[in-house]
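Below: one structure, written as structure tokens.
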Amino acid sequence: MEECCSTKPKKEQHTEGDGHDHSHSHDTGSQSTFQMFLPAIISFGLLLIGIALDNYIKPDWFSGWVRLVWYLVSYAPVGFPVLKEAYGSIIKGDVFSEFFLMGIATIGAFVIGEYPEGVAVMLFYSVGEVFQSLAVTRAKSNIKALLDQRPDEVTILKDGRPYTVKAETVNIGEIIQLKSGEKLGLDGELLSETASFNTAALTGESKPDTKTKGETVLAGMINLNTVSQVKVTTAYQDSKLSKILELVQNATAQKAPTELFIRKFAKVYTPIVVFLAIGIALLPYFFVADYQFKDWLYRALIFLVISCPCALVISIPLGYFGGIGAGSRNGILFKGSNFLDVLANVQNVVMDKTGTMTEGVFKVQEVDFKPDFDKNEMLKWVNALESKSTHPVATAIHEYVGEIDHSVPLENVEEIPGHGLKAMINGKELLVGNFRLMDQFNINYDIKSENIVYTLIAVAYDQKFAGYLTIADSIKADAQVTINKLTSLGVKATMLSGDKTSVVKYVADTLGIQNAYGDLLPEDKVNKVKEIKAKSQSVAFVGDGVNDAPVVALSDVGIAMGGLGSDATIETADVVIQDDMPSKIPMAINIGKQTKKIVWQNIILAFAVKAVVLILGAGGLATMWEAVFADVGVALLAILNAVRIQRMKF
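Under the numbering used here, think of the first position of the sequence shown as 10, with each following residue one higher.
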């Protein structure tokens, strides 16, 4: 994130050249809050003493150069760092930075003898800067603390004896012993027969997830019951949680259009303001009868302080960062603030059926083979061939048939996208897939597949139709809630699936989805999305992000379900939902809408207050104190508003 109050070291600043994206380069990494406020505290103390000497005590010696030196010393702790930054910006070719504005305004105040006001402006500006730094640092650390759930140490077993070691030193293949209540430090494979885990750190859901022997368990999961053993499969730095953490920390590299506009606006706006201020100071000489340079210079300086774009430049990135943090807390990862904006305005959600709105856990319901074929042998062959596929159907067949017989002489195995699998056994062709596959290879069959509301797997051998298996999938518990919420948000839902039309229609009718299409090949899905986009409507596509890569690329925003299951999914999608809950889709849209609302509230607030005080300042009706409120006060209000999104419940 290139927010205003960056915590990067100074040498990494000023890379964009806009003068504002990096304008608050406080290095807060090693400083305590007290250390950050210390210069302001010293300056404030000296300023109060100076004001007391000026207005109440009034000693004779507090005048002339003594008074000037006193206020210069008061100014130095808060003014020197800003003037140094202004000089650094000018050296890099960025003259019209925020530091330059504040430098001119406060030095100008000293030139016309308004010493206390010069110190006060810089003091309040510096206090505002510290609050901004704290707000951004806290937002970043909240998200990091939220996600970085990896324990520093783990217990490994060597020769049956437990040893506690640093998590990053553990090698792939070593065995971790996980006690009840302990958090897993690395990704691995469960060796124990069964174990229940709290996955809240990864998915935002506290409901226990029971894993069985051989299943993948991930860093950040908390063991809930008996002592378990896990075989490490991934290095510490390559764990899923590490990748998610990196993903979120880099999320704001992709800026939202509003954010980009404000940065460009600030780059043009600031020099205009400087020239207007010069005009306010000098032009009245030609039009005003009793022109006093000191009075008009004071008005020009007020104008400069008010016009500082600080509130916009800090609060807008912070608003988007808050939206990304709110998503992370709910198990939704946004890969950039631009996707928050796209989702806020999305008109259509196009979704896959299997694994998105249904569980994606298939079970074989019925097996029907012709008398001419040996049922057990055919199932053995089908099981062997399906083992070459990663489709959930393959898992269902494997669970039904049992162990894969690796002695089956499969040759020339080929997957036909959207259709099924083909192989040669004993010199003859075995086909396993949908009825489109049968049609493609001119296999005659006597089944009316459209009448069956289960997924059908047809089998043919040696150019003859051998029979079929029916496989059923169940609708997810929160699928209905998802469709209801999308409807209430004014978003149209469309279901596209490669599954047979009767199954797709049954699921769509059950959930109340108006537009649903089955029997689609990957290119058919692309064409359907193109049809929607041809109406100038925005589309979010929800799928697995791998098989549906062409549609994900075509859509305005790609949302991946079950991001924990696939590294490729995390790479492909723009938004990753870390668990398999479709109700997170409307939640992501709502987070986008709320983020956009807060960002625009801040833009309107900043412009409205600044416009009013600018007019008053130019007319001589506002003092430096109103100017300070218009700059620092509005910035702080905008920051508080931006931080609010992290506390919202969605």
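The C-beta atom is built at its ideal place from N, Cα and C for all residues, glycine as well.
Just so we're clear, the structure is a prediction, and the values are computed from it rather than from any experiment.
In its chain, beyond the 5 residues on either side, Ile231, Asn232, Leu233 have a beta carbon closer than 8 Å to the beta carbon of Gly190. Under a 10 Å Cβ-count criterion, Leu166 is classified as exposed, with fewer than 16 other Cβ atoms of the shown protein chains found around its own Cβ.
Phe371 sits in coil when the DSSP states are folded into three classes, being neither helix nor strand. Put simply, of Asp361, Pro418, Phe550 the residue whose alpha carbon is nearest the alpha carbon of Ala517 is Asp361. A contact is defined here as three or more CB-CB pairs under 8 Å, and the segment 598-609 meets this definition with respect to the segment 351-371. In the three-state reduction of the DSSP assignment, Ser237 falls in the strand class. The shortest C-alpha to C-alpha distance from Ile654 to any of Leu430, Asn599, Gly628 is the one to Asn599. In this structure Gln141 is buried. Its beta-carbon is surrounded by 16 or more other beta-carbon atoms within 10 angstroms. Under the three-pair Cβ rule at 8 Å, the segment 342-351 does not count as touching the segment 291-305.
In the DSSP assignment, Ser205 falls within the unbroken beta strand (DSSP E) covering 203-207. Runs of the beta strand (DSSP E) spanning 3 or more residues and lying entirely within the segment 67-124 do not occur at all. DSSP, read as helix, strand or coil, puts Lys273 in helix.
Residue pairing for Ala432: DSSP places it in a beta bridge opposite Leu439. The alpha-carbon separation between Gly476 and Asp565 amounts to approximately 42 Å.
Annotation for Gly328: no beta strand (DSSP E) segment contains it, though the alpha helix (DSSP H) segment containing it runs 319-338. DSSP, read as helix, strand or coil, puts Pro380 in coil. DSSP places Pro171 in the strand class (E or B) of the three-state scheme. CA-CA distance, Tyr96 to Asp63, rounds to 32 Å. Here the C-alpha atom of Cys319 lies approximately 19 Å from the C-alpha atom of Phe89. Only exposed fits His415, as fewer than 16 other CB atoms lie within 10 angstroms of its CB. In terms of Cβ geometry, Leu495 and Pro595 form a close pair [threshold 7 Å].
Annotation for Tyr526: the continuous beta strand (DSSP E) segment containing it runs 524-526.
Comparing alpha-carbon positions, the option among Ile425, Ser398, Val584, Gly527 lying closest to Ser458 turns out to be Gly527. Listed as beta-bridge partners of Gln186 by DSSP are Gln238. For Gly122, the number of other beta carbons within 10 angstroms of its own is below 16, and it is reported as exposed. Note that the C-beta distance between Ala393 and Lys372 is not below 7 Å. Each of Gly182, Ile271, Ser237 was checked against the Cα of Thr243, and the nearest Cα belongs to Gly182. DSSP places Ala353 in the uninterrupted alpha helix (DSSP H) bounded by 346-353. Between Lys192 and Pro160, the C-beta gap is smaller than 7 Å, which places the two residues in contact.
Shown here for Phe119: same chain residues with a beta carbon closer than 7 Å to its own, the five before and five after excluded, namely Gly127 in chain order.
A direct Cα-Cα distance of roughly 27 Å separates Asp383 from Asp508. Under the three-state reduction of DSSP output, Phe616 falls in the helix class. In the DSSP assignment, Thr510 falls within the unbroken alpha helix (DSSP H) covering 510-520.
The beta-bridge partner set that DSSP reports for Phe343 consists of Val584. Note on Thr203: under 16 other CB atoms within 10 angstroms of its CB, so exposed under the neighbour-count rule. Ranked by Cα distance from Leu47, the options Ile541, Val551, Ala85, Ile60 are led by Ala85.
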